[in-house]
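Just below is one structure, and these are the notes that go with it.
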Amino acid sequence: MSERTPPLHGVHEARGATFTDFGGWGMPVEFDSIREEHAAVREAVGAFDVSHMGEIEVSGPDATALLNRLTTNDVAALDPGDSQYAAVTNEEGVMLDDTVVYRLPDGVEAGSATASLSDLAGETDGDLDATSGEPAYLFVPNAGHDGEMTERWVDYRDDHGLDAAVANATDEWAMFAIQGPEAVDAMEEALGDDASASAQAVTELSKFQATLATVGGVASWVARTGYTGEDGFEVMCPAADAEAVWSAFDVQPCGLGARDTLRTEMGYLLSGQDFDPDEEPRTPYEAGIGFVVDLDTEFVGRDALAAERDAGGPDEEFTGVRLLERGVPRNGYAVTDGDLTRIGHLTSGTMSPTLGEPIGLGYIHEEYTEPGTEVSVVVRGDEKRAEVVTPPFLDR
Numbered sequence: 014m015s016e017r018t019p020p021l022h023g024v025h026e027a028r029g030a031t032f033t034d035f036g037g038w039g040m041p042v043e044f045d046s047i048r049e050e051h052a053a054v055r056e057a058v059g060a061f062d063v064s065h066m067g068e069i070e071v072s073g074p075d076a077t078a079l080l081n082r083l084t085t086n087d088v089a090a091l092d093p094g095d096s097q098y099a100a101v102t103n104e105e106g107v108m109l110d111d112t113v114v115y116r117l118p119d120g121v122e123a124g125s126a127t128a129s130l131s132d133l134a135g136e137t138d139g140d141l142d143a144t145s146g147e148p149a150y151l152f153v154p155n156a157g158h159d160g161e162m163t164e165r166w167v168d169y170r171d172d173h174g175l176d177a178a179v180a181n182a183t184d185e186w187a188m189f190a191i192q193g194p195e196a197v198d199a200m201e202e203a204l205g206d207d208a209s210a211s212a213q214a215v216t217e218l219s220k221f222q223a224t225l226a227t228v229g230g231v232a233s234w235v236a237r238t239g240y241t242g243e244d245g246f247e248v249m250c251p252a253a254d255a256e257a258v259w260s261a262f263d264v265q266p267c268g269l270g271a272r273d274t275l276r277t278e279m280g281y282l283l284s285g286q287d288f289d290p291d292e293e294p295r296t297p298y299e300a301g302i303g304f305v306v307d308l309d310t311e312f313v314g315r316d317a318l319a320a321e322r323d324a325g326g327p328d329e330e331f332t333g334v335r336l337l338e339r340g341v342p343r344n345g346y347a348v349t350d351g352d353l354t355r356i357g358h359l360t361s362g363t364m365s366p367t368l369g370e371p372i373g374l375g376y377i378h379e380e381y382t383e384p385g386t387e388v389s390v391v392v393r394g395d396e397k398r399a400e401v402v403t404p405p406f407l408d409r
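If you count the sequence shown from 1, position 217 lands on 230 in the working numbering, and the numbers rise without skipping.
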C-alpha cells in the first residue's frame, strides 16, 4: 500500500484518475486512457503531476564541492538558472540513481527554497545573477530515493568535514511537467497577464535552463526540461499552492502510464527497472549515458568508471529492439541470436502508441548492438524475430 500521496491526490481522484503505487507513492496512472494521453503529448500538450520526484536542497560554502563529489557531472560549470543531468554512483561506478541538478539563485538556504520563491522573484525579475551569497542547488532524485540520497549527502558531508546544509524538501514542493509541441502556448496562458521580464524569460529558456516566474499567480521555479522527448517545461512550486498552478494549465491531464510509453519511445532510463543497484546493477557507460560522466571531477566511482572506459568500454550496452513479428516485449525477456543463444535481456518494453510497433529496451552484448542487426526476443517461450534499433525510436 502506498504510504505517500501527491498534494493533489484528491483533485486527481475527483477527475477520475486511476492510481498505482510507484516508489511508495500513490500516483495517477491514467486519467482517460494511456493512448489518448500519449497522443496529446506527441501531437499537442499534456500535463503530468510528477510530485513523487524528490527535491533535495543543498547550500553553503562547500555545496558545489559536495555535489561534485556525489554526482558524475561537473556541477561547478553551472551558473544560476542552469541545470544538468547526472548519475549518482557508488565506489564501483554502479548507478544508485539518475538526477537533474539545478543551480538556484545564490543565497537561498537549504530548507527554505519554497519560502524564498516570492521574495526572490521580486528581487531578480528574470536576472538570477542579481542575487548574492553562497551557492545553492536543488537536485531531483527519483521517487522513493529522497531519504537515502539525503542520508548519503549528509554522511559524506560529515565524513569529509564539508560546510554545506542539506535538506530533504520533497514534501514542500509540487512538480508538474507540461509537455508537447504546444507547451509554449500553454505556458503563456498560465503566465497570464504577467508582463515582467521573468515571465518573458520563461518561453525564451533554452533546454536545461530554468528561471523564477509567477505561474497561476504562484511564484515558481520553471525549467525547460522533461522526460518525454517533446518540448516542454517542468514547474516546481510550493506544495500548498499546487492546485492553483495545476489549474492554470487547461490541457489534457496525463498519468504515469503515458509517461512510461513516451520515455520508452525515446530510450530514456527508468530507475529501478532499467538500472537498479541490486537487481540491475549498471554503470553509466553500460546504461548509455556516458555523456554525463566527467572524469575530470573527483566523484565517488570515478576511478572505476575511468578503468571501464580505458578497458574499451562495457561488454553489454543499453539499446533498443523492434519486434518484426506479433508479440509485446517486456521486462525480463531474453534476447537471443536467433539460435537460442542468449545475448542479453530486456528491461522495458511496450507497444509503441506512436509507431504501432512493439519496441523494447535492454542490455545486449556489444557485438550485436549495430543498428539493423537481426536478433530474437523470447516471448512466452517463442523466439520472435527482431532488429536492433539505437534509441530513440522516434526522430525528435
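Where is the CB? At the ideal position from N, CA and C, for every residue including glycine.
> Can we say the region 157 to 177 touches the region 213 to 228, given the rule of at least three CB pairs closer than 8 angstroms?
Replying inline: Judged by Cβ distances under 8 angstroms, the region 157 to 177 makes no contact with the region 213 to 228, as fewer than three pairs qualify.
> Assuming G351 contacts V388 under a Cβ cut-off of 8 angstroms, what Cβ separation, rounded to an integer in Å, is found between them?
Replying inline: The residue given as residue 351 occupies position 338 in the sequence shown. The residue given as residue 388 occupies position 375 in the sequence shown. With a Cβ gap of about 7 angstroms, G351 and V388 count as contacting.
> Since L204 contacts V215 with CB under 8 angstroms, what's their CB separation in whole angstroms?
Replying inline: Locating residue 204 in the sequence shown gives position 191, counting from the first residue. Locating residue 215 in the sequence shown gives position 202, counting from the first residue. Contact holds; Cβ gap of about 7 angstroms.
> With DSSP run on the structure shown, which of helix, strand or coil describes H173?
Replying inline: Taking the first residue of the sequence shown as 1, we reach residue 173 at position 160. Assignment of H173 by DSSP, reduced to helix, strand and coil, places it in the coil class.
>> Whether or not the region 293 to 301 and the region 62 to 74 are in contact is what I'm after, with contact meaning three or more pairs of Cβ atoms, one per stretch, closer than 8 angstroms; do they touch?
In response: The region 62 to 74 vs the region 293 to 301: no contact.
> How about G333 and L374: are their beta carbons less than 8 angstroms apart?
Replying inline: The residue labelled residue 333 in the question sits at position 320 within the sequence shown. The residue labelled residue 374 in the question sits at position 361 within the sequence shown. It is a contact, given that the beta carbons lie within the stated cut-off.
>> So, at 7 angstroms on beta carbons, what are the nonlocal neighbours of A126 in its own chain, with the 5 sequence-adjacent residues on each side left out?
In response: Taking the first residue of the sequence shown as position 1, residue 126 is located at position 113. Around A126: E70, L117, L151 and A182.
> Applying the criterion that 16 or more other CB atoms from any shown protein chain within 10 Å of the CB defines a buried residue, is G325 buried or exposed?
Replying inline: By one-based count along the sequence shown, residue 325 stands at place 312. So G325 counts as exposed.
> Tell me, which residues are paired with P266 by DSSP?
Replying inline: Here residue 266 refers to the residue found at position 253 of the sequence shown. DSSP output for P266 lists A60 as bridge partner(s).
> If you compare alpha carbons, which of D34, Y98, A60 and N81 is closest to K220?
Replying inline: Walking along the sequence shown from the start, residue 220 turns up at place 207. When only C-alpha atoms are compared, the closest one is Y98.
> Between F312 and the rest of its own chain, which residues show a CB-CB distance below 6 angstroms, the 5 nearest in sequence each way excluded?
Replying inline: Your numbering for residue 312 matches position 299 in the sequence shown. Excluding residues within five positions, the ones whose Cβ falls inside 6 angstroms are R82 and T85.
>> Please state the DSSP three-state secondary structure of L109.
In response: Here residue 109 corresponds to residue number 96 of the sequence shown, with the count starting at 1. L109 falls in the strand class under three-state DSSP.
> How would you call P11, buried or exposed, if buried means at least 16 neighbouring beta carbons within 10 angstroms?
Replying inline: With the chain represented from 14 up to 409, any question about residue 11 goes unanswered, as that position is not in the structure.
> Nearest to D176 by CA position, among V101, T363, D75 and D95, is which residue?
Replying inline: Working through the sequence shown from its first residue, we reach residue 176 at position 163. Nearest C-alpha to D176: D75.
> What is the rounded straight-line gap between the Cα of G239 and the Cα of T386?
Replying inline: Within the sequence shown, residue 239 is the residue found at index 226, counting from 1. Within the sequence shown, residue 386 is the residue found at index 373, counting from 1. Those two C-alpha atoms are separated by around 31 angstroms.
> With distances taken from CA atoms, which of G270, A199 and T274 is nearest E247?
Replying inline: Stepping through the sequence shown from its first residue, residue 247 is reached at position 234. The residue with the shortest Cα to Cα distance from E247 is A199.
> If you check the beta carbons only, do Q192 and V58 fall under 8 angstroms apart?
Replying inline: Locating residue 192 in the sequence shown gives position 179, where the first residue counts as 1. Locating residue 58 in the sequence shown gives position 45, where the first residue counts as 1. Cβ distance < 8 angstroms, so Q192 and V58 count as in contact.
> So, is A123 buried or exposed, given that buried needs 16 or more other C-beta atoms within 10 angstroms?
Replying inline: Within the sequence shown, residue 123 is the residue found at index 110, counting from 1. By the 10 Å Cβ count, A123 comes out buried.
>> With three or more beta-carbon pairs closer than 8 angstroms as the criterion, would you say the region 283 to 291 touches the region 315 to 323?
In response: Taking a cut-off of 8 angstroms for Cβ pairs, the region 283 to 291 and the region 315 to 323 do not touch, as fewer than three such pairs fall below it.
> In whole angstroms, what separates the C-alpha of W166 from that of P154?
Replying inline: Position 153 of the sequence shown, counting from 1, holds the residue named residue 166. Position 141 of the sequence shown, counting from 1, holds the residue named residue 154. Their Cα atoms are separated by approximately 12 angstroms.
> Tell me which same chain residues have a C-beta within less than 6 angstroms of the C-beta of R55, skipping the five on either side of it?
Replying inline: Stepping through the sequence shown from its first residue, residue 55 is reached at position 42. T367, listed in sequence order.
>> Along the chain, where does the beta strand (DSSP E) containing T77 start, and where does it finish?
In response: Against the sequence shown, residue 77 aligns to sequence position 64. Looking at the DSSP string, T77 is not in any beta strand (DSSP E); the run it does join, the alpha helix (DSSP H), is A76 to L83.
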